[in-house]
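Student: Protein chains in written order, with this note's numbering: chain A, 29 to 225; chain B, 83 to 290.
My questions will all concern the structure given below.
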């Protein structure tokens, strides 16, 4: 089934362009304002053709909350043909959707007056770039901790552990603080991947 | 030394937290609309930066409603700073400006931040620091580049001639690129017996 997931805000103009240009059999609307007329209008229009509309409510001031909710929604429809319109709603909701589409390799569109297909590589996920050893380290970090403790827990040799930390830092998964004892801190994307494990 | 890039809206307040929390800011580069409100915001920011003697560069976005053109323009600038310490604040400006900036950051693996409206604090966006084009193989990139050089639309024979690859190999890569959603294969308008391969406009962002 073709599922169009879309971010949505206070007016329906952009979503109308997306509804015209992107095929779908079910519409999933992610919004912080379902109580407004715009959402009601869309639901009313879709009821004419009997198209199912699902509502996902988010708090658009909470970026990571939006990001995670969008990720869960995509996961829910992983066995379907998912396409995502990222143009609706507050900027921060759009940004969360854009990042998640690239993160998960979901075809993404940006509908304004016309619809742009974004250069997402379908089916290619950022997670693929994290190898088994890095995952092992990630699993053992709780947001921020001493590198020495993680080294003991994971059993990597000193040199290999240092190389892995450098690589994780280069990829933006973790940051190091070398003030006295080396500490590892997860970045927001590192934290997201750790939670998913 | 860090260079801060930012999209600027009608008020400079979303840019300021990025300046305040960092030590050793070398330069600020802002993208803004050419209209009066955009100019006014730029003037206010210029006043602030002058007072702290911080070099400030302004880039007027003439195509501020065209996502792909804006992303291309920003990406070109980001590439000039490859390997340097940079960060992009995407909070200000229109939705298109902000999305285009984020798109350029994803493609070029540039750390992106935004200023939380409620707390007024800067937050880092969850973005892996790997250039997006590195997800493509060398032959895939070559074929995409050749399609671009041939005007964005051609057939497998043209690609084979230009790359020196066998037609079967080219067809295999085209099938992969089609499955990835980067090219569209359709019946040629000139000759209905042939198939033409079309590059999506935005895919040019993945190429050099």
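For every residue, glycine included, the Cβ atom is placed at its ideal position computed from N, Cα and C.
Bear in mind the structure is a predicted one, so any value in this text is a computation, not a measurement.
Residue 165 of chain A and residue 182 of chain A: beta carbons closer than 7 Å?
Tutor: Yes. Within cutoff.
Student: Based on the DSSP secondary-structure assignment, which residues constitute the bridge partners of residue 265 of chain B?
Tutor: Partner(s): B:281.
Student: Which runs of the beta strand (DSSP E) at least 3 residues long sit entirely within the region 121-181 of chain B? Give them in chain order.
Tutor: Counting only runs of 3 or more, we get 138-142 and 168-171.
Student: Step through the CB atoms of chain A and report whether any lies within less than 7 Å of the CB of residue 246 of chain B.
Tutor: No, because no Cβ of chain A sits closer than 7 Å to the Cβ of residue 246 of chain B.
Student: Output needed for residue 121 of chain A: all residues of its chain with C-beta closer than 6 Å, excluding positions within five of it in sequence on either side, in chain order.
Tutor: For residue 121 of chain A, where only same-chain residues beyond five positions count, the Cβ hits under 6 Å are 35, 88 and 94.
Student: Classify residue 166 of chain A as helix, strand or coil using the three-state DSSP reduction.
Tutor: DSSP places residue 166 of chain A in helix when its eight states are reduced to three.
Student: So, with DSSP's three-state summary, where would you put residue 205 of chain B?
Tutor: Three-state result, residue 205 of chain B: strand.
Student: Taking residue 197 of chain A and residue 203 of chain A to be in contact with their CB atoms under 8 Å, please state how far apart those CB atoms are, rounded to whole angstroms.
Tutor: Right, their Cβ atoms sit about 6 Å apart.
Student: Here's a check: name, in chain order, each residue in its chain whose Cβ is nearer than 8 Å to the Cβ of residue 211 of chain B, leaving out the five neighbours to either side.
Tutor: Answer for residue 211 of chain B: 191 and 193, listed in chain order.
Student: Would a C-beta distance cut-off of 7 Å place residue 202 of chain B and residue 89 of chain B closer than the cut-off?
Tutor: Not closer than 7 Å, so no.
Student: In chain A, which residues lie with their C-beta within 9 Å of the C-beta of residue 205 of chain B?
Tutor: The answer, in chain order, is 91, 92 and 216.
Student: Mind listing which residues of the region 189-203 of chain B have their C-beta closer than 9 Å to chain A's C-betas, in chain order?
Tutor: Result list: 189, 191, 193, 194, 196, 198, 199, 200 and 201.
Student: Give the straight-line distance between the Cα atoms of residue 119 of chain B and residue 136 of chain B, rounded to the nearest whole angstrom.
Tutor: Looking at the two C-alpha atoms, the distance is approximately 22 Å.
Student: Who are residue 174 of chain A's beta bridge partners in DSSP?
Tutor: Answer is A:211.
Student: Quick check: the region 140-157 of chain A against the region 54-68 of chain A, are at least 3 beta-carbon pairs closer than 8 Å?
Tutor: Judged by Cβ distances under 8 Å, the region 54-68 of chain A makes no contact with the region 140-157 of chain A, as fewer than three pairs qualify.
Student: Give me the Cα-Cα distance between residue 79 of chain A and residue 119 of chain A, rounded to the nearest whole angstrom.
Tutor: Straight-line Cα distance between these residues: approximately 27 Å.
Student: Rounded to the nearest angstrom, how far is the Cβ of residue 133 of chain A from that of residue 153 of chain A, given a contact under 8 Å?
Tutor: Indeed, because the Cβ distance is near 5 Å, the residues count as touching under 8 Å.
Student: Could you tell me whether any Cβ in chain A is nearer than 7 Å to the Cβ of residue 230 of chain B?
Tutor: No - not a single Cβ of chain A is within 7 Å of the one on residue 230 of chain B.
Student: Assuming contact is defined by CB atoms lying nearer than 7 Å, are residue 251 of chain B and residue 224 of chain B in contact in what I supplied?
Tutor: Their beta carbons are not under 7 Å apart, which means residue 251 of chain B does not touch residue 224 of chain B by this criterion.
Student: What residues in its chain sit with their C-beta under 6 Å from that of residue 237 of chain B, if we drop five residues either side in the sequence?
Tutor: 276 and 278.
Student: If distances are taken between C-alpha atoms only, which option among B:286, B:287 and B:234 comes closest to residue 336 of chain B?
Tutor: There is no way to answer for residue 336 of chain B, as the model of chain B reaches only from 83 to 290.
Student: Given a threshold of 16 other Cβ atoms within 10 Å of its Cβ, counted over all protein chains shown, does residue 106 of chain B qualify as buried or as exposed?
Tutor: With fewer than 16 other Cβ atoms within 10 Å, it is exposed.
Student: Closer than 7 Å, CB to CB, is residue 217 of chain B near chain A or not?
Tutor: Residue 217 of chain B counts as touching chain A.
Student: What are the boundary residues of the beta strand (DSSP E) that includes residue 83 of chain A?
Tutor: It spans 80-85 - the beta strand (DSSP E) in which residue 83 of chain A sits, taken as one unbroken run.
Student: Between residue 210 of chain B and the ligand ATP, is the CB less than 6 Å from at least one heavy atom?
Tutor: With respect to small molecules bound, the structure shown includes none, and the ligand ATP cannot be examined in it.
Student: Among the candidates B:181, B:162 and B:257, whose CA atom is the shortest distance from the CA of residue 226 of chain B?
Tutor: It is B:257 whose Cα lies nearest to the Cα of residue 226 of chain B.
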